[in-house]
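Residue 224 in the numbering used here sits at position 221 of the sequence shown, and the numbers go up by one each step. The beta carbon of each residue, even a glycine, is placed where N, CA and C say it ideally should be. Beneath this line is the structure, given in structure tokens, with notes to follow.
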Amino acid sequence: ATDTIVANGQDLVPLSVTQSSLAFLQYTSGSTGRPKGVMVTHGNIIHNQQLIQTAFGHSEQSIVVGWLPLFHDMGLIGNVLQPMYLGIPCILMPPVAFLQKPIRWLKAISNYRATTSGGPNFAYDLCLKKVQPEQLAFLDLSSWDLAYSGAEPVRAETLKKFGNKFANCGFNYRAFYPCYGMAETTLFATGGAKNKSPVIQGVLAGELEQNSVVETEISSDESRVFVGVGRPYLNTTVIIVNPESLTPCEPGQVGEIWVSGESLASGYWNRPEATQETFQAYVANTGEGPFLRTGDLGFQLNGELFVTGRLKDVIIIRGRNHYPQDLELTLENSHPALRSHCSAAFSVERSGEERLVVACELERTYLRNLNTEEVVKILRKAVSEEHDLQLYAVVLLKTGSIPKTSSGKIQRHACRTGFLNGSLDVAGEWMTNLEEVDLSHLHKELEMQLEQGKNGVTQKLFSDPPIEFKDDLSNQKSVPTEEEIEVLLTSHLAHHLNVLPDEIDVNESFADYGLDSSVAVSTTGDLAEWLGYELEPTLFWEYPNIKAIALYLAEEPQSNSQVTFEKEV
4 ATDTIVANGQ DLVPLSVTQS SLAFLQYTSG STGRPKGVMV THGNIIHNQQ
54 LIQTAFGHSE QSIVVGWLPL FHDMGLIGNV LQPMYLGIPC ILMPPVAFLQ
104 KPIRWLKAIS NYRATTSGGP NFAYDLCLKK VQPEQLAFLD LSSWDLAYSG
154 AEPVRAETLK KFGNKFANCG FNYRAFYPCY GMAETTLFAT GGAKNKSPVI
204 QGVLAGELEQ NSVVETEISS DESRVFVGVG RPYLNTTVII VNPESLTPCE
254 PGQVGEIWVS GESLASGYWN RPEATQETFQ AYVANTGEGP FLRTGDLGFQ
304 LNGELFVTGR LKDVIIIRGR NHYPQDLELT LENSHPALRS HCSAAFSVER
354 SGEERLVVAC ELERTYLRNL NTEEVVKILR KAVSEEHDLQ LYAVVLLKTG
404 SIPKTSSGKI QRHACRTGFL NGSLDVAGEW MTNLEEVDLS HLHKELEMQL
454 EQGKNGVTQK LFSDPPIEFK DDLSNQKSVP TEEEIEVLLT SHLAHHLNVL
504 PDEIDVNESF ADYGLDSSVA VSTTGDLAEW LGYELEPTLF WEYPNIKAIA
554 LYLAEEPQSN SQVTFEKEV
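Take a look at the structure:
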């Protein structure tokens with residue numbers, strides 16, 4: 004039975020909405036602690052939609068394709084509200100569909116002749132890694148005239164490689180549109196000039212450490228390379244301010260990025276102190292304001308904004324904010340060997356991506372008989388389960404050695420510097436090997452262990468490294484065995500973790516290896532193509548280790564294969 008709902012539409016009182024009326028709360032991403040709800044008004048939304056339309060050059064002929072989650076400001080403001088505001092088509096796909104098979108994003112752009120699409124830098128990197136050469140012939144990206152990149156640092160190397168790889172598909176490098184913004188500015192704050200190449204700038208690394216900007220050649224060994232994120236539009240103001248004196252920086256100096264304008268949200272919901280600190284900043288010597296203190300460091304050169312890092316310690320990986328305090332609490336609660344309030348989480352750039360590093364001080368009683376492998380294993384599992392992140396390195400420090408201020412606060416920046424120059428007082432350490440692992444010798448050993456040609460599958464297992472699920476089995480008369488699936492998953496997992504396959508235990512949980520959800524979902528998509536039928540993206544959560552997945556797939560091939568897999572070309 005159901006309840007009868009009495010229609011009282013005639014009693015509905017229309018709400019009086021003004022520009023200052025609250026439209027919604029946009030919660031900032033990443034924190035497992037108390038998140039902050041950004042109060043976005045109707046006026047903020049309209050102004051930001053005008054900003055995006057102007058900066059992106061949108062018209063009635065524009066077509067948008069998006070895969071970003073709709074709870075993310077880029078997904079909501081850019082992929083839902085902007086098309087609604089302009090009355091233009093938007094084709095949406097679930098984020099998991101993109102992560103499983105990045106080619107789906109590019110196929111949607113190609114098939115629907117989209118003009119506007121984009122995402123964080125990692126999305127372009129994922130396409131570089133996962134889209135196969137034979138798939139390029141089926142893509143026509145010539146309609147894509149604005150490929151925005153934001154939400155995390157934009158990398159020049161990614162833009163160059165993506166432009167080169169997809170040039171024959173009609174992609175124009177000048178379509179790249181690096182931009183900058185955040186939930187506190189509704190979404191968009193600055194962006195470049197449409198259909199002009201991104202601005203790439205080299206500066207001397209040594210001078211940058213002193214907050215000084217000295218231009219140099221991009222190719223110089225002493226340079227750090229930055230991608231410009233454009234300039235403000237429609238009465239939005241961006242200034243660079245000394246974060247201590249609160250006075251404007253001189254040209255050629257790095258400072259905190261401050262923003263003002265009509266897109267600036269009204270503050271944080273029920274957080275008056277945080278609102279005052281972040282949204283009510285005034286220039287000390289002129290009284291100009293109010294400004295938003297972004298917490299980002301940067302400089303301006305010839306009107307172009309360049310973001311160099313974070314004033315605060317927020318860690319940005321794949322477009323998500325992760326607060327070090329949350330990570331450190333997880334670490335210290337995961338193993339008794341770690342001292343309370345004596346851990347530091349920070350990121351370093353390796354192979355063109357931000358990687359997570361943790362430095363943890365040990366209790367003195369654990370120094371003599373320290374089992375580094377055991378501690379690291381537990382830390383990797385805890386960080387994976389609680390934060391969906393993979394650790395790049397773990398440094399276990401001797402008691403009393405972690406850098407602190409005179410008042411006892413952890414100096415994360417000093418820990419990061421010590422990690423990079425090797426000056427930390429280390430008791431034990433572990434680091435992922437990001438170099439490509441040569442698996443050729445292992446392939447030969449495995450070939451000897453399995454029967455040649457067994458089920459017509461064995462040869463497929465031993466393609467050139469890195470292992471990829473490139474072939475489907477839709478034309479095979481039989482399905483792979485449990486052993487063959489184990490071999491394949493072991494090799495694939497080893498490649499993602501940058502370890503040798505013999506270091507992988509098929510009975511060990513994926514969480515123990517620090518496997519994050521993006522790798523799990525991506526592997527599910529690859530495995531589905533190889534098997535020839537669809538798999539649920541939650542496979543790695545329902546079956547928590549290689550043994551369990553292999554057993555399930557080997558025992559239930561008929562029920563699984565009822566849903567056939569349409570191979571992505």
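Quiz item: By Cβ distance below 8 Å, which residues in the same chain neighbour serine 226 in space, the five residues on each side in sequence not counted?
Solution: For serine 226, where only same-chain residues beyond five positions count, the Cβ hits under 8 Å are Gly205, Val206, Leu207, Ala208, Thr219, Glu220.
Practice problem: With methionine 434 as the anchor, note down where its beta strand (DSSP E) starts and where it stops. | Solution: That run of the beta strand (DSSP E) goes 429-434.
Quiz item: Relative to the alpha-carbon of tyrosine 30, which residue among Lys39, Glu210, Gln22, Ser23 has its alpha-carbon at the smallest distance?
Solution: For tyrosine 30, the nearest C-alpha among the options comes from Lys39.
Self-check item: Proximity winner among Leu500, Leu89, Tyr176, His416, relative to glycine 312 (alpha-carbon distances)
Solution: Nearest of Leu500, Leu89, Tyr176, His416 to glycine 312, Cα basis: His416.
Practice problem: Look up histidine 75 in the DSSP assignment and say whether it is helix, strand or coil. | Solution: When secondary structure is reduced to three states using DSSP, histidine 75 falls in the coil class, being assigned neither helix nor strand.
Quiz item: Around the C-beta of leucine 15, are 16 or more other C-beta atoms found within 10 angstroms, so that it is buried, or is it exposed?
Solution: Under a 10 Å Cβ-count criterion, leucine 15 is classified as exposed, with fewer than 16 other Cβ atoms of the shown protein chains found around its own Cβ.
Quiz prompt | Reduced DSSP secondary structure (H/G/I, E/B, other) of proline 156 | solution = Note: proline 156 maps to coil in three-state DSSP.
Practice problem: Taking the CB atoms as reference points, tell me whether leucine 295 and tryptophan 272 lie closer together than 8 Å. | Solution: No, the Cβ-Cβ distance between leucine 295 and tryptophan 272 is not below 8 Å.
Self-check item: Top-ranked residue by Cα proximity to isoleucine 320, from Pro293, Tyr395, Val378, Leu304
Solution: Ranking Pro293, Tyr395, Val378, Leu304 by Cα distance to isoleucine 320 puts Tyr395 first.
Practice problem: Within its chain, find whatever has a CB closer than 8 Å to the CB of alanine 100; leave out the 5 residues flanking it on each side and keep chain order. | Solution: Setting aside the 5 residues that flank it on each side, alanine 100 is surrounded in the same chain by Trp70, Arg107, each with a C-beta closer than 8 Å to its C-beta; the list follows chain order.
Practice problem: In the DSSP assignment, find the unbroken beta strand (DSSP E) run with glutamate 577 in it and report its ends. | Solution: This structure does not reach residue 577, given that the chain is present from 4 up to 572, and the question cannot be answered.
Quiz prompt | Every unbroken beta strand (DSSP E) inside the stretch 141-193 [3 residues or more] | solution = Within the stretch 141-193, the complete beta strand (DSSP E) runs of at least 3 residues are 149-152, 179-184.
Quiz item: If you drop the 5 nearest sequence neighbours on each side, which residues of the same chain put their C-beta closer than 8 Å to that of glutamate 569?
Solution: At glutamate 569, the pLDDT of 49 sits below 50, so the modelled position is not reliable; the number obtained from the coordinates is stated separately. Annotation for glutamate 569: no residue places its beta carbon closer than 8 Å to its own, counting only its chain and skipping 5 residues before and after.
Practice problem: Look at the alpha carbon of tryptophan 544 and the alpha carbon of arginine 367, and state the distance between them as a whole number of angstroms. | Solution: Between the alpha carbons of tryptophan 544 and arginine 367 lies a distance of about 37 Å.
Practice problem: Report buried or exposed for glutamine 283, applying the criterion of at least 16 other Cβ atoms within 10 angstroms of its Cβ. | Solution: Within a 10 Å sphere around the beta-carbon of glutamine 283 sit fewer than 16 other beta-carbons, which makes this residue exposed.
Quiz item: Buried or exposed: which applies to phenylalanine 74, given that a residue is buried once 16 or more other Cβ atoms fall within 10 Å of its Cβ?
Solution: Classification for phenylalanine 74: exposed.
Exercise. Note the first and the last residue of the continuous beta strand (DSSP E) segment covering valine 99.
Key: Annotation for valine 99: no beta strand (DSSP E) segment contains it, though the alpha helix (DSSP H) segment containing it runs 98-103.
Quiz item: Do the stretch 265-280 and the stretch 166-181 touch if we need at least three Cβ pairs shorter than 8 Å?
Solution: The stretch 265-280, when compared against the stretch 166-181, does not touch it at the 8 Å Cβ threshold.
Practice problem: Kindly identify the DSSP beta-bridge partner or partners of valine 522. | Solution: Its beta-bridge partners do not exist; DSSP assigns none.
Quiz item: Nearest-angstrom Cα distance between lysine 110 and glutamine 85?
Solution: Rounded to whole angstroms, lysine 110 to glutamine 85 spans 22 Å at the Cα level.
Quiz item: For leucine 554, which residues of its own chain have a beta-carbon under 7 Å away from its beta-carbon, when the five flanking residues on both sides are left out?
Solution: Once the five neighbours on either side are set aside, the close Cβ partners of leucine 554 are Glu485.
Quiz item: Closest by CA to alanine 154, which one among Glu160, Gly122, Asp143?
Solution: The residue with the shortest Cα to Cα distance from alanine 154 is Gly122.
Quiz item: Exposed or buried, which one is serine 223 when buried takes at least 16 other CB atoms within 10 Å?
Solution: Classification for serine 223: exposed.
Quiz prompt | Length of the line joining the Cα atoms of histidine 344 and glycine 306 | solution = Each residue's alpha carbon lies about 43 Å from the other.
Practice problem: Let me know the secondary structure DSSP gives glutamine 29 once reduced to three states. | Solution: Note: glutamine 29 maps to strand in three-state DSSP.
Quiz prompt | Buried or exposed by the 16-neighbour rule on C-beta atoms within 10 Å, applied to aspartate 529 | solution = Buried, by the Cβ-count rule.
Quiz item: Around the Cβ of serine 350, are there at least 16 other Cβ atoms within 10 angstroms (buried) or fewer (exposed)?
Solution: Classification of serine 350: buried, given that the 10 Å Cβ count is 16 or more.
Practice problem: Quick one: grab the DSSP three-state call for asparagine 245. | Solution: Three-state result, asparagine 245: coil.
Quiz item: What does a CB cutoff of less than 7 Å around serine 146 pick up in its chain, not counting 5 residues either side in sequence?
Solution: Excluding positions up to five away in sequence, the list reads Arg116, Ala117, Thr118.
Self-check item: leucine 15 in three-state terms, based on DSSP
Solution: It is coil, neither helix nor strand.
Practice problem: Determine the closest residue to valine 157 out of Asn124, Asp128, His498, with distance taken between C-alpha atoms. | Solution: That would be Asn124, whose Cα lies nearest to the Cα of valine 157.
Quiz item: From phenylalanine 27 to glutamate 376, what distance separates their C-alpha atoms?
Solution: Cα to Cα, the separation comes out at about 47 Å.
Quiz item: Can you tell me where the beta strand (DSSP E) with phenylalanine 349 in it begins and where it stops?
Solution: Element bounds for phenylalanine 349: 341-353.
Quiz item: Where does glutamate 450 sit, in a helix, a strand or coil, going by DSSP?
Solution: Here glutamate 450 scores only 45 on pLDDT, less than 50, and its place in the model should not be relied on; the value that follows carries that caveat. In this structure, glutamate 450 counts as helix in the three-state DSSP scheme.
Practice problem: Report buried or exposed for glutamine 455, applying the criterion of at least 16 other Cβ atoms within 10 angstroms of its Cβ. | Solution: Note that glutamine 455 scores a pLDDT of 42, beneath 50, so its modelled location is shaky and nothing firm can be said.
Practice problem: Output the distance between the C-alpha atoms of tyrosine 127 and phenylalanine 165, rounded to the nearest integer angstrom. | Solution: If I take the Cα positions, the gap works out to 7 Å.
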